[in-house]
Amino acid sequence: MVSLRHRLEYLGFRVLRGILSLLPECAARGFGSLLGWLAGSLFGVRRDVVAGNLERAFPELSDAERRHIAAASWRHLGREAVATFRLSSETPDSIRGRTEFASGWEALEAHVEDGRGAILVTGHFGNWEIAGAAVASRGHAMDAVATRQRNPLFDRDLVDTRARLGMDIVVRDDAPRRLLRSLRAGRVAGIVGDQNVAVGGIPIEFMGHEAPTARGAAVFALRTGVPLFAGVAISLPGPRWRYRITMEEVTIEASGDFDIDVRRLTQAHTEVLERAVRQHPEQYFWPHKRWKRRGGTETR
Numbered sequence: 001m002v003s004l005r006h007r008l009e010y011l012g013f014r015v016l017r018g019i020l021s022l023l024p025e026c027a028a029r030g031f032g033s034l035l036g037w038l039a040g041s042l043f044g045v046r047r048d049v050v051a052g053n054l055e056r057a058f059p060e061l062s063d064a065e066r067r068h069i070a071a072a073s074w075r076h077l078g079r080e081a082v083a084t085f086r087l088s089s090e091t092p093d094s095i096r097g098r099t100e101f102a103s104g105w106e107a108l109e110a111h112v113e114d115g116r117g118a119i120l121v122t123g124h125f126g127n128w129e130i131a132g133a134a135v136a137s138r139g140h141a142m143d144a145v146a147t148r149q150r151n152p153l154f155d156r157d158l159v160d161t162r163a164r165l166g167m168d169i170v171v172r173d174d175a176p177r178r179l180l181r182s183l184r185a186g187r188v189a190g191i192v193g194d195q196n197v198a199v200g201g202i203p204i205e206f207m208g209h210e211a212p213t214a215r216g217a218a219v220f221a222l223r224t225g226v227p228l229f230a231g232v233a234i235s236l237p238g239p240r241w242r243y244r245i246t247m248e249e250v251t252i253e254a255s256g257d258f259d260i261d262v263r264r265l266t267q268a269h270t271e272v273l274e275r276a277v278r279q280h281p282e283q284y285f286w287p288h289k290r291w292k293r294r295g296g297t298e299t300r
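Going by this note's numbering, 83 is the number at position 83 of the sequence shown; the sequence numbering is gapless.
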């Protein structure tokens with residue numbers, strides 16, 4: 001049901017998006033950096049969470065070095081939030097112009113063109129919306145798993161924007177049934193695989209500590225025989241939004257024990273993300289409570 005509050009929130013969103021879409025690109029990027037600085041440095045949004053996560057991930061760094069990463073990550077988050085706001089004015093052609101594949105594209109394309117489909121798992125790194133749009137804009141049907149937004153007007157708007165860029169949305173609760181159909185039809189399934197799953201997840205080492213991790217990507221890959229790729233969209237410096245996509249096919253040697261293989265494949269694709277985070281720590285979403293267990297305790 002659409003409430004008055006939903007309508008007012010959506011009106012504010014449309015006004016802000018209209019203003020951001022009218023700004024020159026370099027000005028919009030600067031505005032996004034400012035928003036990120038305000039959120040992280042001035043207002044201290046989730047300051048303790050970010051500081052704790054960075055201390056956990058990079059214990060070898062000094063406090064000053066971790067504060068530098070935190071500040072840079074907030075500026076990055078602000079820029080990419082503005083980029084996401086402006087996606088409504090993007091087209092498949094413009095997405096192709098903003099993205100380049102540094103690795104993995106030929107392998108993924110070969111599997112898709114053979115009718116096998118593929119699973120593309122990414123994380124809260126760089127710009128995960130662009131990672132999926134980059135594949136879909138090159139003509140490969142993609143079904144991306146997403147959670148419904150609380151505001152139904154905003155949710156519908158976001159679904160429409162993604163559809164216009166070539167991505168169909170699979171609501172997370174429908175994923176087990178819908179993705180099996182999609183993969184059997186030779187489509188690409190897009191999954192953000194680093195969300196904290198305190199219930200039903202499995203403990204996987206990430207940045208030196210166990211983190212509750214969704215097993216879905218590995219389960220789908222092992223049950224269907226569809227290849228699994230892990231990739232990220234790295235935001236590049238400059239006056240325009242441009243991204244370098246890196247992907248690699250993730251494989252394991254089957255043990256014959258399904259649960260063991262799920263864990264090993266999940267660990268393997270998590271390690272791909274970890275390498276990217278270590279190379280570009282300022283592009284990871286540190287406000288996320290990645291290591292939180294059920295009941296609120298943190299892993300060690």
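Backbone N, C-alpha and C fix where the C-beta goes; we use that ideal spot for every residue, glycine too. These numbers were taken from a predicted model, which means no experiment stands behind them.
query	result
8 Å CB neighbourhood of E100 in its chain, flanking five on each side removed	R242, Y243, R244, I245
Nearest-angstrom Cα separation, counted from I202 out to R215	7 Å
Euclidean distance between Cα positions of G30 and R79	7 Å
Unbroken alpha helix (DSSP H) run spanning Y303, endpoints	Outside the displayed range of the chain (1 to 300) lies residue 303, so it cannot be described from this structure.
Expected contact under 8 Å - CB spacing of K68 and S235 to nearest Å	Inspection of the sequence shows that residue 68 is occupied by His rather than by Lys. About 17 Å; that fails the 8 Å criterion.
Secondary structure of L42, DSSP reduced to three states	helix
Residue range of the unbroken alpha helix (DSSP H) whose run includes L183	175-184
Pairwise C-alpha distance: H124 and A221	21 Å
Beta strand (DSSP E) segment containing S235, residue limits	228-236
Segment contact, 8 Å Cβ cut-off, at least three pairs: the segment 172-183 with the segment 17-29	no
For F206, the three-state DSSP class (helix, strand or coil)	strand
V121 to W105 span [Cα, whole Å]	14 Å
Unbroken beta strand (DSSP E) run spanning D168, endpoints	167-171
Through-space distance from G208 to D168, alpha-carbon basis	35 Å
W37 versus H288, K292, R290, E282, residue with shortest Cα-Cα distance	E282
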